[in-house]
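Residue numbers (this note's numbering), protein chains in the order written: chain A, 810 to 1008; chain B, 742 to 1300. Glycine is no exception: its CB is placed at the ideal position from the N, C-alpha and C atoms. To keep things clear, I will list the structure first and then write my remarks on it.
Structural data, given as structure tokens:
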């Protein structure tokens, strides 16, 4: 109570732990990226079946099974790479990291081949109809994120091949891995919306 | 905790010779949150003056029927650039500038979480602004059609399609805002992470100053609500450059979808803009009433509630496009609901003043005026939230009056309050109180004269965005009154700028804590040293400075 003069010293501030700022930064980057993707997904869903002319999704789209398996397994290999780095096995880390990059590249090449087929054989471009507009935008937005991810993954690969002590950067490698998981998670949504619901 | 022995007698770094290029280099290369904050605010003030002059020309054009000050095309460009500038190049940098300058100081941190990203955010925002204004030169494009953007600040489809918007003016609008938006998102992520990860020992979320709380939720709204605009703008770019069909009604696209996407951003955006006002009032009113803020948890809860509910009210901007009655009902209801937390805030500020020892200095005067005017703005907002009422007054001057009352009579008043309140901290000198009071009264009269008649004009049927009108429709008198408000607003703003300039050179030394305040930024010297806190403070209550000043009656005993 205020009337009884308390001469006690102020209480000590106990243990003080706050979340790591890099971790929080990556989390909120992913939040804001999700908001961006949400709008593109909404646009895709709104325009399903609204194209005034062909080609239509059911005629030209094939399930990209192999590409999807590759991209999703790259999420596993990157975890294995992280795990290797945690145990200071840099050689093993490089192998799994390279596997991640190659799987990501495979996905990108498959997308490229799919687009090539769509453009040259099915004559579907971004301006053909609503399906083309929304398809290339959504899949392209995702692919551009895969490209950005691959650039950063390759950067880590290159510097570690040139002898940079990558085991000192466990935290940053973790952030990259989270971003990569996010790109994979987005693909699950895109796959569901474009190739399952939209077909 | 208070570093009374600053400045150090033997600075570790030898002071370099003062020269203009050194000085410029320091400012351009800085990553200091205080300098970046100031740069944001100065940029915002410059754009405020530019967009204010545009508004002056608009009002002069409308002062008399059949006005001939500008031609219709120029008029369209003027209101587009006025709105776009005020929202994206004045409001947003004020959010970023205030939170940059104050959040680290209030939570006892030495800088933001990501200082270099902070600098990146500022510069990309600034060049986004330049890009928008470069349209006056480059907007003609190869076809030579168009100059500055003239599609209105919400750029409805299909007006923005290639067929109706030739030249590059709309592209400048898209790219300038897209680029500036990246800066806003960078700054918002920085504020969130700083708040969550950089607080000094003892500064729990429950003890965090209200200002920081509001800015935290404001930044949350930015990172959720800004990407939809970016996404919609990317789609518009695809439509314009690659022949996409997103908003192309000729090929099945939907012009209404643009409206949805824009307002999914646009309505949270107006809360993003008004939140700094809430933040400033929550600091200034308690200090000038000598009472801790009334109902702190309710205040935080109300802000958080707004931060979520405001994401679900966007289509009240679209009652007139013909949505289903279910949609109309839903968005009427959700808009009414968002009025409740806003009402809680007004009640709590009033309750903070009730029974307090009120000091009616300039910052407090602006806050009092804010309470009255923002209440009126809120009430006209509730009126417009009602579907049938909106059908009558949609796109009329009533709407123009409503949002200028929230943003000018509301936000701008609060910003003035904040700038007077923290001016001694930033400059180390006191502003001129007499000039401040003149500024307040002139600006108050000017704002009432300009914006109250707009409501009447709306009832009398005057649509917004018309470049002129014929005599004898009953609009002549109120338009003249609205324009006459400029006679007060312009000198008031000039007084403000003059006051800041003259006081930062010749003002009385203010000392570290001129207001006898309670938050951490007043515990350090004015202006704050580059490292902010000599020793990182420890906090035991929501009023750490009160605890220091009153060791016999500290707050931590009751919290």
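B:1167 is the residue among B:1167, B:1183, B:1217 and B:1284 whose C-alpha sits nearest the C-alpha of residue 1270 (chain B). Sequence-distant partners of residue 865 (chain B) (beyond 5 residues in either direction) whose C-beta falls short of 7 angstroms from its own C-beta, in its chain, are 920, 923 and 924. Within 10 angstroms of the beta-carbon of residue 1079 (chain B) lie 16 or more other beta-carbons, which makes it buried.
Residue 1272 (chain B) and residue 831 (chain A) have their C-alpha atoms roughly 21 angstroms apart. No residue range can be given for residue 898 (chain B), since it is assigned to no alpha helix (DSSP H) and is classified by DSSP as neither H nor E. Put simply, the backbone Cα of residue 1098 (chain B) is about 35 angstroms away from that of residue 962 (chain B).
Within its own chain, the residues whose Cβ lies closer than 7 angstroms to the Cβ of residue 1143 (chain B), once the five positions on either side in sequence are excluded, are 1118, 1121, 1122 and 1125, listed in chain order. For residue 1042 (chain B), the enclosing alpha helix (DSSP H) has its first and last residue at 1037 to 1050. Identification of chain B residues near residue 909 (chain A) by a Cβ-Cβ cut-off of 8 angstroms yields none; the smallest Cβ-Cβ distance measures about 26 angstroms.
Distance from the CA of residue 1251 (chain B) to the CA of residue 795 (chain B), rounded to the nearest whole angstrom, comes to 36 angstroms. Taking 8 angstroms as the CB threshold, residue 993 (chain B) lines the interface with chain A. B:1096 is the residue among B:1063, B:1072 and B:1096 whose C-alpha sits nearest the C-alpha of residue 1030 (chain B). The beta carbons of residue 1017 (chain B) and residue 1155 (chain B) sit closer together than 8 angstroms.
Taking the CA atoms as reference points, residue 1245 (chain B) sits about 8 angstroms from residue 1169 (chain B). The beta carbon of residue 791 (chain B) is closer than 7 angstroms to those of 826 in its chain, skipping five residues each way along the sequence. Under DSSP, residue 864 (chain A) forms no beta bridge with any residue. Contacts with chain B (Cβ-Cβ distance below 8 angstroms) from the stretch 822 to 836 of chain A involve 822, 825, 827, 828, 829, 830, 833 and 834, listed in chain order.
The beta carbon of residue 934 (chain B) sits closer than 8 angstroms to some beta carbon of chain A. Listed in chain order, the alpha helix (DSSP H) runs fully inside the stretch 890 to 940 of chain A are 899 to 929, counting runs of at least 4 residues. Taking the CA atoms as reference points, residue 799 (chain B) sits about 13 angstroms from residue 1210 (chain B). Closer than 8 angstroms to the CB of residue 974 (chain A) there is not a single CB belonging to chain B.
Ranked by Cα distance from residue 980 (chain A), the options A:819, A:833 and A:922 are led by A:833. Distance from the CA of residue 1194 (chain B) to the CA of residue 822 (chain A), rounded to the nearest whole angstrom, comes to 56 angstroms. Of all alpha-carbon atoms in B:802, B:1187 and B:842, the one lying nearest the alpha-carbon of residue 820 (chain B) is that of B:802. For residue 1236 (chain B), the closest of B:1174, B:1258 and B:1278 by C-alpha to C-alpha distance is B:1174. Scanning chain B for C-beta atoms nearer than 9 angstroms to the C-beta of residue 981 (chain A) yields nothing, as the closest lies near 14 angstroms away. For the stretch 966 to 978 of chain B, the beta-carbon criterion of a distance under 7 angstroms to any beta-carbon of chain A is satisfied by 968, 969, 971, 972, 973 and 976. In this structure, DSSP gives residue 1204 (chain B) an extended state, which the three-state scheme calls strand. As the crow flies, the alpha-carbon of residue 849 (chain A) is around 17 angstroms from that of residue 838 (chain A).
Only buried fits residue 1147 (chain B), as 16 or more other CB atoms lie within 10 angstroms of its CB.
Against chain B, the CB of residue 889 (chain A) has no partner CB under 8 angstroms away; the residue lies outside that interface. For residue 840 (chain A), the C-beta contacts it makes with chain B under 8 angstroms involve 964 and 965, in order along the chain. Taking a cut-off of 8 angstroms on C-beta distances, the stretch 877 to 893 of chain B does not touch the stretch 962 to 973 of chain B, as fewer than three cross pairs fall below it. Sorting B:837, B:787 and B:954 by C-alpha distance to the C-alpha of residue 1234 (chain B) places B:787 at the top.
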